[in-house]
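A quick write-up on the structure given underneath.
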Amino acid sequence: MREEIIVRVGAKILTPFIIMFALYVHFHGDYSPGGGFQAGVILTAAFALLALVYGLAAVQRVLPPWFTRLCAALGVVIYGGVGVVTMLLGHNYLGYDALAQDPKYGQHYGILLVELGVLVTVFGVMASVFYLFAGRGRSES
Amino acid sequence: MSIVVDIVLLTLLAVAGIALLRIRNLFAVVMLAGIYSLLSAGLFTVMDAVDVAFTEAAVGAGISTVLFLGALALAGHHENRPGHTPLLPLIVVSVTGLALVYGTIDMPGFGGADNPVHHHVADHYLEESPNEIDIPNVVTAVLASYRGYDTWGEVTVVFAAAVGVMLLLMGGRRSRAAAGDHGQAGADGQADGAGHR
Numbered sequence: 000m001r002e003e004i005i006v007r008v009g010a011k012i013l014t015p016f017i018i019m020f021a022l023y024v025h026f027h028g029d030y031s032p033g034g035g036f037q038a039g040v041i042l043t044a045a046f047a048l049l050a051l052v053y054g055l056a057a058v059q060r061v062l063p064p065w066f067t068r069l070c071a072a073l074g075v076v077i078y079g080g081v082g083v084v085t086m087l088l089g090h091n092y093l094g095y096d097a098l099a100q101d102p103k104y105g106q107h108y109g110i111l112l113v114e115l116g117v118l119v120t121v122f123g124v125m126a127s128v129f130y131l132f133a134g135r136g137r138s139e140s
Numbered sequence: 000m001s002i003v004v005d006i007v008l009l010t011l012l013a014v015a016g017i018a019l020l021r022i023r024n025l026f027a028v029v030m031l032a033g034i035y036s037l038l039s040a041g042l043f044t045v046m047d048a049v050d051v052a053f054t055e056a057a058v059g060a061g062i063s064t065v066l067f068l069g070a071l072a073l074a075g076h077h078e079n080r081p082g083h084t085p086l087l088p089l090i091v092v093s094v095t096g097l098a099l100v101y102g103t104i105d106m107p108g109f110g111g112a113d114n115p116v117h118h119h120v121a122d123h124y125l126e127e128s129p130n131e132i133d134i135p136n137v138v139t140a141v142l143a144s145y146r147g148y149d150t151w152g153e154v155t156v157v158f159a160a161a162v163g164v165m166l167l168l169m170g171g172r173r174s175r176a177a178a179g180d181h182g183q184a185g186a187d188g189q190a191d192g193a194g195h196r
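Top line first, the protein sequences correspond to chains A and B.
According to numbering that gives the first Met the number 0, the residues represented by the first sequence are 0 to 140, in order.
According to numbering that gives the first Met the number 0, the residues represented by the second sequence are 0 to 196, in order.
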């Protein structure tokens, strides 16, 4: 597929829009369907598309495997961290009311942060697993 | 109108399912599985479960198709005929299916407004989430706030699953890099992976 000019240009044009859409799905999750999980999967799809067209090595220069593995763990830390912060502020674990003066704003911040954790973990996990499968296939064929 | 869409989607689902069973070329099977997921996503949309439809389209039709293609690059494109007759699996599947259908007889009518599932905590979520959480998408409010612990569990499960996959698949890569030679390293990697397990 690497010689097909239409596929190459098409993938290059689509990628920023896919990444933008992933961010939209995450940040607009309070108002429309979607959230961190779907956003993480869509973000992975953007890089998977690039990897299918331009090859794994080119994508891993932009998004190295150590970074995706770091993301997988970082998201869990973000999610759990929100819970620990609310506990330190004197509320229950993941009691978002603690995060702002007005409980409603606290809920907004809490949900956005927690969904960010989901996004980062899902993106890291999906991309890492994709790298493992794709990398194994290439080096043994 | 929606009943026509339902019938069309379910018919196509059945066609895709039967084709999935009969085709031996695994490339076609992977593509059909993607189409199957997309049809299911359409069905969820008709049932107004847009969040679920979204996830099904992104995960089922998107990422898992790519992962299956990656697996095909390792395993080859043709499925061998099974060595046994399909009689026993057919009986098991039929009995299980009939038991499940029998089980649904006791269930309340599909989509009924006064089903217990719609009145346990759902009333509170629908009526109070504008005051307590104040975001329009109740699904997000339930997932991230009311059921925040559940979602926390899901995130850790996803992470744990990824760690498992990495432990299984990454053993070979490290020893390959160390050995440098491809054929030799592949065998070493397998042995290494077995040792870790």
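We put the beta carbon where it would ideally sit given N, CA and C, even for glycine.
- Around the beta carbon of P32 of chain A, 16 or more other beta carbons lie within 10 angstroms, which makes this residue buried.
- Under DSSP, no beta-bridge partner is assigned to N130 of chain B.
- Under the three-state reduction of DSSP, H27 of chain A is assigned to coil, being neither helix nor strand.
- The beta carbon of V58 of chain A lies closer than 6 Å to those of F46, L49, A50 in the same chain, with the five residues before and after it left out.
- Below the 8 Å Cβ cutoff, chain A contributes no neighbours of A40 of chain B, its closest Cβ being approximately 12 Å away.
- For A99 of chain A, the CB contacts under 7 Å within the same chain, skipping 5 residues up- and downstream, are G105, Y108 in chain order.
- Under the Cβ criterion of 9 Å, F158 of chain B is counted among the residues facing chain A.
- With a cut-off of 8 Å on Cβ pairs, the stretch 73–92 of chain B is not in contact with the stretch 48–59 of chain B, counting fewer than three such pairs.
- In terms of Cβ geometry, T67 of chain A and V154 of chain B do not form a close pair [threshold 9 Å].
- Within the stretch 98–116 of chain B, contact with chain A at the beta-carbon level (separation under 8 Å) is assigned to no residue.
- Secondary structure at H123 of chain B: helix, using DSSP grouped into helix, strand and coil.
- For R21 of chain B, the number of other beta carbons within 10 angstroms of its own is below 16, and it is reported as exposed.
- DSSP, reduced to helix, strand and coil, places H107 of chain A within a helical segment of the structure shown.
- Scanning B:I34, B:L25, B:G102, B:Y145 for the CA closest to the CA of L9 of chain B turns up B:I34.
- Runs of the alpha helix (DSSP H) lying entirely within the stretch 55–118 of chain A, each at least 4 residues long, are 55–61, 64–87 in chain order.
- For Y78 of chain A, the C-beta contacts it makes with chain B under 7 Å involve W151, V154, in order along the chain.
- Per DSSP, S144 of chain B is not a residue of any alpha helix (DSSP H), being assigned neither H nor E.
- Close to chain B, meaning a Cβ-Cβ distance shorter than 8 Å, are the following residues of the stretch 116–133 of chain A: G116, V117, T120, V121, G123, V124, M125, S127, V128, F129, L131, F132, A133.
- According to the DSSP secondary-structure assignment, N24 of chain B is paired through a beta bridge with B:H77.
- DSSP places G35 of chain A within a helical segment (H, G or I) once states are collapsed to three.
- For T14 of chain A, the nearest beta carbon of chain B is not closer than 9 Å to its own beta carbon.
- Collapsing the DSSP output to three states places F53 of chain B in a helix.
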